[in-house]
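Heads up, the sequence shown is in the numbering used here, so the first residue is 1028 and it goes up one at a time. Step one of this worksheet: look at the structure below.
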Amino acid sequence: MSFSVPDRVRPVREAVLGFVTERVEPAEPALHAADADTLRELQEAAKKEGLWALGHPRELGGGGLGFLDYVYVNEVQGRSEYGQLALGTFTLQDSLMLHEHASAEQRERYLGPLVRGDIWPSFAMTEPAVSSSDPTQLRTEAVLDGDEWVINGHKWFTTGASRAAYTTVMCRTEQDAPPHRSFSMILVPTDTPGYRIVRETPVLGLSGGHCEVRYEDVRVPAGNLLGPRGEGFVIAQRRLGPGRIFHCMRWLGQAQRAFDLMCRRLHDRTAFGQPLGAKQLMRQHVFDSYTEIQAARLLTLQAAHAIDAGSDARVEIGAIKVVGARMLHNVIDRAIQVYGAAGLTPDTPLDRMYRHARAGRIYDGPDEVHVDSVGRRLLGAYAAGGSWEFAG
């Protein structure tokens, strides 16, 4: 198993890297200010250059890159928080979910527009009133009333809801079923009466479209059910597993950018008559960052290979979610330390990167849940009389 970039992927990966560094990163100040025209110009340029929606299946109008090939591209796309938006891959998880589970009517209404970037999706799972790391506690309910679902509940961190055409809502639909068979996914257009956005919740001072939403007697047709009743957990897991791979690869792109900034600063900045890079403690920052990035990258690619081979890769995915988020935080933190006071200001991208990195240890499951799950699974292999083979 090789972890180098395959030759077949290298040209498109380099084209995406060039687009992100030459077009997206310079546009970040405008994008921070929510300049819709700038984003639209970038998206049109990506389409013209054949870089749009590269990870979406070709039959849906995407670039048709396979899972592993897209993983390598996602790494360089992740250098900028706007890479996904500019290159049309921000809809990938939702598009794949619909591609697998949607009815013909749902596909017609949502799937094509999603891939083209004509509409935005959103996904509602987390709730403020319960520990969402234990999703069997979720309280949002949907009751079938004739040919309509009636939904009541309270969600937050529904990213993109303020711009989305619809939200996929995970809600309790079965009262007497086992906990993991009690929930379903229902598609709710955001203009439905009773769908009320309470606020866009800032995250560590950043506004990123993370919305708090109340569902007050929201009525949608029975046909808005996504997949079978009671299969919400199955659909969520199939969405979240590959999604965590994508997160971790994007984090590697962010870490590469922070590493580049740090190393260039160490060459350019002088103190006490020498470049900072001549100081032993500064070289420790370089060493620690290199080893953490490389270890996280190999772990992530190994998990991606396991998924591509048909494994659910629960141990591998849980491990990289924790290791990747911690790595990103540590690398950016060291880069800020090297920049000193300047690293605390918006004069570099590091201040925003740092705040986004801290959130990575919470969303898609906090570190503690993944650590416990991975440890339990590893010990379970020994409890069953077996072992864990690292070379497997």
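Every residue, glycine too, gets a C-beta built ideally from N, C-alpha and C. In this text, all values refer to a predicted model and were calculated from it rather than measured experimentally.
Suppose you measure from the CA of residue i to the CA of residue j; what does that come to, to the nearest Å?
| i | j | result |
| --- | --- | --- |
| M1124 | G1180 | 23 Å |
| G1304 | Y1366 | 12 Å |
| V1103 | P1033 | 14 Å |
| R1310 | L1325 | 23 Å |
| S1316 | I1178 | 47 Å |
| A1263 | L1119 | 14 Å |
| R1223 | T1318 | 46 Å |
| S1107 | A1282 | 11 Å |
| G1110 | E1127 | 25 Å |
| V1247 | L1214 | 8 Å |
| R1284 | L1066 | 21 Å |
| P1376 | I1347 | 24 Å |
| Y1409 | E1416 | 11 Å |
| P1038 | R1361 | 32 Å |
| H1397 | G1090 | 32 Å |
| G1088 | L1138 | 10 Å |
| Y1390 | L1279 | 17 Å |
| D1374 | A1054 | 14 Å |
Can you give me the start and stop residues for the beta strand (DSSP E) that residue i sits inside?
| i | result |
| --- | --- |
| E1168 | 1168-1172 |
Short of 6 Å in beta carbon distance, which residues of its chain neighbour residue i, apart from the five on each side in sequence? Order them along the chain.
| i | result |
| --- | --- |
| T1167 | G1180, C1198 |
| I1344 | G1268, R1271, A1330 |
| I1146 | P1140, A1192 |
| P1216 | Y1193 |
| A1428 | Residue 1428 is absent from the model: the chain starts at 1028 and stops at 1419. |
| G1370 | I1363, L1377 |
Might you give, ordered along the chain, the residues of its own chain that have their beta carbon closer than 8 Å to the beta carbon of residue i, omitting 5 neighbours on each side?
| i | result |
| --- | --- |
| P1302 | L1293, H1294, D1295, R1296 |
| T1186 | S1149, F1150, G1235, G1236, H1237, C1238 |
| P1393 | S1160 |
| L1328 | F1030, V1098 |
| S1189 | I1224, E1227, G1236, C1238 |
| L1277 | Looking at the sequence shown, residue 1277 is not Leu but Arg. Excluding residues within five positions, the ones whose Cβ falls inside 8 Å are N1101, E1102, Q1104, G1105, G1110, Q1111. |
| S1158 | Q1164 |
| H1059 | R1379 |
| Y1381 | H1356, I1359, D1360, I1363 |
| E1467 | Any answer about residue 1467 is impossible in this case: the structure gives the chain only from 1028 up to 1419. |
Given residue i, which residues of its chain have a CB within under 7 Å of its CB, disregarding the five upstream and five downstream residues?
| i | result |
| --- | --- |
| Y1097 | L1081, G1082 |
| A1249 | L1171, D1174, E1175, W1176 |
| L1078 | A1042, V1043, F1046, L1114 |
| R1341 | R1404 |
Since residue i is in the alpha helix (DSSP H), which residue starts that stretch and which ends it?
| i | result |
| --- | --- |
| K1075 | 1063-1075 |
| G1259 | 1259-1295 |
| F1030 | F1030 -> no alpha helix (DSSP H), and no H or E assigned at all. |
| E1055 | 1055-1059 |
| L1044 | 1037-1046 |
Which partner residues of residue i appear in the DSSP bridge assignment?
| i | result |
| --- | --- |
| V1417 | Note that residue 1417 is Phe in the sequence shown, not Val. F1417 pairs with nothing; no bridge assigned. |
| V1301 | The sequence as given places Gln at residue 1301; Val does not occur at that position. Looking at the DSSP assignment, Q1301 forms a beta bridge with A1298. |
| Y1193 | P1216 |
| T1185 | C1238 |
| R1199 | E1168, F1210 |
| I1178 | A1169, V1245 |
| F1150 | T1195 |
| query | Taking only runs of the beta strand (DSSP E) that begin and end inside the segment 1320-1407, which ones reach a length of at least 3 residues, in chain order? | reply | none
| request: With a floor of 3 residues, list each beta strand (DSSP E) that falls wholly inside the segment 1100-1138, ordered by position along the chain. | output: none
| query | Along the chain, which unbroken stretches of the beta strand (DSSP E) at least 3 residues long are found entirely within the segment 1207-1257? | reply | 1210-1216, 1222-1227, 1237-1248
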